[in-house]
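**Q** Take a look at the following structure, please.
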Amino acid sequence: MSTKSHRTGRFSTYVRGIRIERGPAEVAGFLREVSNLPRWTRFFLHVGELQGHGYAVETLMGPATTWIHEYQSEDTHQLEIVSIIRGARETATLDLYAQGEGTMVRFHLRLPSKWDAQRVTRQLGQLDDELRTLKRLVESHQPSAQPRLAGVR
């Protein structure tokens with residue numbers, strides 16, 4: 059897993075990546091479904107009903123409303139997971155790039171700059187585990203005949 063980082067104010071952003079042996083459209087199809095979040099990330103515990111523009115979810119930080127924006131260009135998919143938790147907007151960004159017959163997934167994780175190196179290392183290790191889980195799930199997932207394209211901009 060690769061790591062890049064940069065600091066902006068109170069947060070540092072780390073980028074971790076993994077190659078998934080499926081095409082970008084199939085990977086994006088799995089990732090754009092809010093209901094899949096608890097299957098591959100530990101932060102999301104449960105996804106409830108759609109309420110307006112987002113889903114009622116339970117997270118490690120408590121109840122939230124979550125939705126996923128998708129942006130697509132000729133060679134890239136970008137998905138932004140947006141959650142409103144106690145009135146604050148939290149986001150995570152995933153970039154998907156075609157790489158041969160597969161897809162490179164890059165996850166951008168923002169962590170407080172004040173965290174010590176040991177805590178950052180633990181969090182990045184958890185993210186690595188989650189990305190390996192994502193890879194296993196997507197590679198074993200049987201795609202539907204008609205992928206849903208709602209939310210593509």
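Basically this note's numbering = 1-based index in the sequence shown + 58.
Idealized CB from N, CA, C, for every residue including glycine.
Might you give, ordered along the chain, the residues of its own chain that have their beta carbon closer than 7 Å to the beta carbon of residue 153, omitting 5 neighbours on each side?
**A** Position 95 of the sequence shown holds residue 153. Here the set comprises 134, 136 and 164.
**Q** How about the stretch 76-96 and the stretch 172-179: do they share at least three Cβ pairs that are nearer than 8 Å?
**A** Cβ pair count under 8 Å is below three, so no.
**Q** Under the three-state reduction of DSSP, which class applies to residue 197: helix, strand or coil?
**A** Taking the sequence shown and counting its residues from 1, one reaches residue 197 at position 139. Helix, per DSSP.
**Q** Could you spell out where the alpha helix (DSSP H) holding residue 67 opens and where it closes?
**A** For the purposes of this step, residue 67 is taken as residue 9 along the sequence shown, with counting starting at 1. Element bounds for residue 67: n/a, residue is neither H nor E.
**Q** Which of the three DSSP states is assigned to residue 191 in this structure?
**A** Taking the sequence shown and counting its residues from 1, the one referred to as residue 191 is at position 133. In the structure shown, residue 191 sits in a helix (DSSP, three-state: H, G or I).
**Q** Which two residues bound the contiguous alpha helix (DSSP H) that contains residue 2?
**A** This structure cannot speak to residue 2, because the chain is shown only from 59 to 211.
**Q** Rounded to the nearest angstrom, how far is the Cβ of residue 151 from that of residue 138, given a contact under 8 Å?
**A** Locating residue 151 in the sequence shown gives position 93, counting from the first residue. Locating residue 138 in the sequence shown gives position 80, counting from the first residue. Correct: roughly 5 Å between the Cβ atoms.
**Q** In the DSSP assignment, the beta strand (DSSP E) including residue 97 goes from what residue to what residue?
**A** Translated into positions along the sequence shown, residue 97 becomes position 39. It is not in any beta strand (DSSP E) - residue 97 instead sits in the alpha helix (DSSP H) that spans 95-98.
**Q** Mind checking residue 128: buried by the 16 CB within 10 Å criterion, or exposed?
**A** Mapped onto the sequence shown, residue 128 falls at position 70. Buried: at least 16 other Cβ atoms inside 10 Å.
**Q** Touch check for the stretch 69-78 and the stretch 111-125: three-plus C-beta pairs under 8 Å?
**A** Touching, no, given that fewer than three Cβ pairs across the two stretches are closer than 8 Å.
**Q** Could you tell me the distance, in whole angstroms, from the CA atom of residue 79 to the CA atom of residue 160?
**A** Your numbering for residue 79 matches position 21 in the sequence shown. Your numbering for residue 160 matches position 102 in the sequence shown. Cα to Cα, residue 79 sits roughly 4 Å from residue 160.
**Q** Rounded to whole angstroms, what is the Cα-Cα separation between residue 112 and residue 169?
**A** The count along the sequence shown starts at 1 and reaches residue 112 at position 54. The count along the sequence shown starts at 1 and reaches residue 169 at position 111. Straight-line Cα distance between these residues: approximately 24 Å.
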